[in-house]
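Residue numbers (the working numbering): -5 to 80.
In structure tokens form, the structure reads like this:
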């Protein structure tokens, strides 16, 4: 039985990235289905696995980390260019 977890660190500050928003999508062909939205806890982890057991099927998944929002809330000034450009 597998599970999907994540751990987010704020390496600029040397701390876990607490309260960082994350969206989880399952990708099937050209379709992306949003499965859930979560936020990290004080340790930079989610309180529960994002997926586990029967809900964690083989396939393609995507995690969106709302890093810009997190950094702006910390007072960082960011350029308007997104972190990931396709």
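Note that the Cβ used here is the ideal one computed from N, Cα and C, for glycine as well.
Within the stretch 11 to 41, there are no complete alpha helix (DSSP H) runs of at least 4 residues.
Partner residues in the beta bridge of residue 4, as assigned by DSSP, are 9.
Taking C-beta atoms as the reference points, residue 3 and residue 47 fail to come closer than 7 Å.
Under the criterion of beta carbons closer than 8 Å, residue 57 and residue 18 qualify as touching, at roughly 6 Å. Cβ-Cβ distances below 7 Å link residue 27 to 19, 20 in the same chain, with the five nearest sequence neighbours on each side left out; the list follows chain order.
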